[in-house]
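K.L.:
Under our numbering, the first residue of the sequence shown is numbered 8, with each subsequent residue one higher.
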Amino acid sequence: MGKIIFYGFIALLIYWLINYRRPKQKNSESFMDIAEDTVVCNHCGVYLPKKEAINCQNQFFCCQEHRDDHIKSSS
Ligand SMILES: [Zn+2]
Numbered sequence: 008m009g010k011i012i013f014y015g016f017i018a019l020l021i022y023w024l025i026n027y028r029r030p031k032q033k034n035s036e037s038f039m040d041i042a043e044d045t046v047v048c049n050h051c052g053v054y055l056p057k058k059e060a061i062n063c064q065n066q067f068f069c070c071q072e073h074r075d076d077h078i079k080s081s082s
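As structure tokens, then:
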């Protein structure tokens with residue numbers, strides 16, 4: 008019985024060590040999430056956050072002016 012508790016403790020320690028080392032990886036993952044949320048203006052090519060971009064027919068623009076210019080130039 009004592010051995011089971013001992014090995015259980017070792018397993019817990021290893022589990023804790025793995026989790027303790029993980030935060031570094033998590034930081035790079037959250038950075039990737041930020042990178043994924045960045046879009047390029049279809050008119051001028053500027054990078055901006057997706058939530059600030061204007062979405063028009065699955066195309067992103069940095070401002071309404073560029074969206075209008077792009078629609079005018081494509082039609
Ligand atoms: Zn633009």
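By construction, the Cβ of each residue, glycine as well, lies at the ideal position given by its N, Cα and C atoms.
Please read these numbers as outputs of a predicted model, since none were measured by experiment.
Quick check on V53: buried or exposed, where buried means 16 or more other Cβ atoms within 10 Å of its Cβ?
P.N.:
By one-based count along the sequence shown, residue 53 stands at place 46. It is exposed - the Cβ of V53 has fewer than 16 other Cβ atoms within 10 Å.
K.L.:
Is the beta carbon of F67 within less than 7 Å of some heavy atom of ligand 1?
P.N.:
For the purposes of this step, residue 67 is taken as residue 60 along the sequence shown, with counting starting at 1. No, ligand 1 has no heavy atom inside 7 Å of this Cβ.
K.L.:
Just the Cα atoms here: how many angstroms apart are C69 and E43?
P.N.:
Here residue 69 corresponds to residue number 62 of the sequence shown, with the count starting at 1. Here residue 43 corresponds to residue number 36 of the sequence shown, with the count starting at 1. The alpha-carbon atoms of C69 and E43 are separated by roughly 16 Å.
K.L.:
List the endpoints of the continuous alpha helix (DSSP H) containing N26.
P.N.:
Position 19 of the sequence shown holds residue 26. First-last of the alpha helix (DSSP H) with N26: 9 to 28.
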